[in-house]
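Undergrad: Numbering (mature numbering (1 follows the signal peptide of the UniProt record, and there is no 0)) for the sequence shown: -24 to -1, 1 to 432.
In this text, a Cβ means the ideal position worked out from N, Cα and C, and glycines have one as well.
Note that this is a predicted model, so its numbers are computed, not measured.
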Amino acid sequence: MRLRKACVLVLLLALAQLLAAASAEGTDEDASEREDAIEDEEEEEEEEEEEEEEDLEVKEENGVLVLNDANFDNFVADKDTVLLEFYAPWCGHCKQFAPEYEKIASTLKSNDPPIAVAKIDATSASMLASRFDVSGYPTIKILKKGQAVDYDGSRTHEEIVAKVREVSQPNWTPPPEVTLVLTKENFDEVVNDADIILVEFYAPWCGHCKKLAPEYEKAAKELSKRSPPIPLAKVDATAETDLAKRFDVSGYPTLKIFRKGRPFEYNGPREKYGIVDYMIEQSGPPSKEVPTLKQVQEFLKDGDDVVIIGVFQGESDPAYQQYQDAGKCGHCKKLAPEYEKAAKELSKRSPPIPLAKVDATAETDLAKRFDVSGYPTLKIFRKGRPFEYNGPREKYGIVDYMIEQSGPPSKEVPTLKQVQEFLKDGDDVVIIGVFQGESDPAYQQYQDAGKYWPAC
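1. Do you know how far the Cα of D126 is from the Cα of P190?
2. Is the beta carbon of V348 less than 8 Å from the beta carbon of A336?
3. Please identify the residue among V137, P207, D341 whose C-alpha is closest to the C-alpha of N87.
4. Counting only C-beta atoms, is K79 closer than 8 Å to chain C at any point?
5. With DSSP as the reference, label K304 as helix, strand or coil.
6. Would you list the one or two residues that DSSP bridges to Q123?
7. Bridge partners of T230, per DSSP?
8. Looking at the structure shown, is T115 part of a helix, part of a strand, or coil, going by DSSP?
9. Near P151, which residues of its chain fall below 8 Å by C-beta distance, leaving aside the five closest residues on each side in sequence?
10. Express the C-alpha separation of K95 and H133 in angstroms, rounding to a whole number.
11. What's the gap between the Cα of K85 and the Cα of A74?
12. If you pair each beta-carbon of the segment 106 to 124 with each one of the segment 46 to 56, do three or more pairs fall below 8 Å?
13. Using 8 Å as the cut-off, can you tell me whether the segment 407 to 417 makes contact with the segment 62 to 73, which would need three or more C-beta pairs spanning the two stretches below that distance?
14. Excluding sequence positions up to five away, which residues of its chain have a Cβ less than 6 Å from the Cβ of E314?
15. Bridge partners of L32, per DSSP?
16. If you reduce the DSSP assignment to three classes, tell me which class D88 lands in.
17. Tell me the rounded alpha-carbon separation between S102 and E36.
18. Should L41 be listed as close to the ligand PLP, given that the test is whether its C-beta is under 7 Å from any heavy atom?
19. Can you tell me whether N366 is buried or exposed, with buried defined as 16 or more other CB within 10 angstroms of its CB?
20. Mind checking whether E216 and T159 have CB atoms under 8 Å apart?
21. A220 and F177: beta carbons closer than 8 Å?
22. For R358, write down the residues that DSSP places opposite it in a beta bridge.
23. Of the residues F223, A179, C308, G244, which one's Cα is nearest the Cα of P229?
24. So which of S326, P239, K320, R345 has the shortest CA-CA distance to N168?
25. List in chain order: all unbroken beta strand (DSSP E) runs of 3+ residues lying wholly within the segment 34 to 64.
26. In chain order, what residues of the same chain lie with their CB nearer than 6 Å to the CB of D146, ignoring the 5 residues before and after it?
27. Note the first and the last residue of the continuous alpha helix (DSSP H) segment covering V143.
28. Can you find the residues in the same chain that come closer than 8 Å, C-beta to C-beta, to K197, ignoring five residues on each side of it along the sequence?
29. Out of curiosity, what's the CA-to-CA distance linking R246 and Q273?
30. Specify, as a first and last residue, the run of the beta strand (DSSP E) that K160 falls within.
31. Do you know offhand how far G250's Cα is from M378's?
32. With a cut-off of 8 Å on the beta carbons, I'd call A81 and V42 a contact; round off their distance for me.
33. Who are the Cβ neighbours of A418 in its own chain at under 8 Å, not counting the five residues just before and after it?
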């Protein structure tokens, strides 16, 4: 009996030793795995730190400084004046401009005091491109004490250097806005007195309004030089809610032409020269006077277009003013070839982006259903839901705008640091979704919701 107990005791001791050895081995393996994981994390952190340090470093290429999202603010913080070029590596105009820009950098470097000249790849520095409303390449801006000044002159060494030196002067101040600011106090007086005036209803937070603002101001300056001048004005629709309601403003920016206080839809382009041309055309007579039958016959002889001829007893005839008003919106023909070219271009994409048209005079029910009050009216439909089209009205503008609209409705920002950078300088309302991954059921709902977010 004692021998059996002794054997059992020996077996238990042996088993305990085996378990202890196995436990020690497992502990060693766990410790080794933990050490490996810690080493991997440390290596990743070191690599990230090296990348961050590399991004923060301001490099120089052929005399031009290279800035990005990471190093921009630190670099410009203590600079009075900086010349900036936003470019895209694939852009032909940017490549053509590069040697001239390098000459500009060399000249301004020897200025007293030296003026920094930098370039930013807008395709990789997307936060800076968004912050400075970059919509084309190359875009040149002069930074004066942190405030961006648009440069819209010719891209020559002489003109750019002269403008930068002008802005760099200690007593330089930006010129006052030419665009009139309207409120409920002065709206009726200004608008009723003008033969023709263009009014923009905007919201301070609206991205499309910010994009339009510099083009609108440039157009205002150009049109103010005419004789007689054609005024451009703006209304903050978020502050002047009564005016916005009075003129059925439901999206931003909304532009309306007023003739002696009477509103008409603005259906023209949204960049400087397009606005200027459109308003000059609108300010002219809406119809041509042909006083004799012979002139009427000559006028009709060679044309294939549909022509409407009004016959009146004189300018005092009540129907005369109605006829004049009816002739003031005829821009569908002007848009047609650009729209067709854009349709062809977008049909080549994969997947294609279709463009369509509706004769609103024939399809009156459709026109009424979608609140069409002027021609041409353009709307974007997403899965059957209509949104206002607030983009350009020429081929490449339509193409670029529709490609942008068809892109992903949200931008992935994987790290907290990138989120902070993304939010730092923007005034827009931003909705951020946090998900466990693309397999998260809420992720697709968030993506779908983004597709129905209307352009402001």
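TA: In short:
1. Spanning the two alpha carbons is a distance of roughly 8 Å.
2. Closer than 8 Å, so yes.
3. Nearest C-alpha to N87: V137.
4. Absence of chain C from the displayed structure is noted, only one protein chain being present.
5. With a pLDDT of 49 at K304, under the threshold of 50, the modelled position of this residue cannot be trusted; read the value that follows with caution. Under the three-state reduction of DSSP output, K304 falls in the coil class, being neither helix nor strand.
6. The bridge partners DSSP lists for Q123 are K120.
7. Bridge pairing for T230: F177 [DSSP].
8. Strand.
9. Result list for P151: empty, nothing under 8 Å.
10. Between H133 and K95, the C-alpha separation is close to 16 Å.
11. K85 and A74: Cα-Cα distance of roughly 16 Å.
12. Between the segment 106 to 124 and the segment 46 to 56 there are three or more inter-stretch CB-CB distances shorter than 8 Å, so the stretches are counted as touching.
13. Contact fails: fewer than three Cβ-Cβ distances are below 8 Å.
14. In the same chain as E314, and ignoring 5 residues on each side of it, the C-beta atoms closer than 6 Å to its own belong to E370, K371, in chain order.
15. For L32, DSSP records no beta bridge to any residue.
16. Coil at D88, not helix or strand.
17. Near 20 Å, if we compare the C-alpha coordinates of E36 and S102.
18. As far as ligands go, the structure on display features none, and thus does not contain the ligand PLP.
19. So N366 ends up on the buried side.
20. In this structure, E216 lies near T159, with their beta-carbon atoms less than 8 Å apart.
21. Remark: C-beta atoms of A220 and F177 approach each other more closely than 8 Å.
22. Listed as beta-bridge partners of R358 by DSSP are R361.
23. Selection F223, A179, C308, G244 evaluated against P229 yields A179 as nearest (Cα-Cα).
24. When each option's Cα is compared against that of N168, the closest is P239.
25. Whole beta strand (DSSP E) segments, 3+ residues: 35 to 37, 40 to 43, 57 to 63.
26. Going by the sequence as given, residue 146 is Pro instead of Asp. In its chain, beyond the 5 residues on either side, no residue has a beta carbon closer than 6 Å to the beta carbon of P146.
27. 133 to 143 is the span of the alpha helix (DSSP H), which, as asked, contains V143.
28. Counting only residues of its own chain and dropping the five nearest sequence neighbours on each side, K197 has a CB closer than 8 Å to the CB of V154.
29. When only Cα atoms are considered, R246 and Q273 end up about 38 Å apart.
30. Note, K160: premise wrong, no beta strand (DSSP E); not H, not E.
31. Spanning the two alpha carbons is a distance of roughly 19 Å.
32. Going by Cβ atoms, the distance from A81 to V42 rounds to 11 Å, so no, they are not a contact pair.
33. Closer than 8 Å at Cβ, skipping near neighbours: G409, F411.
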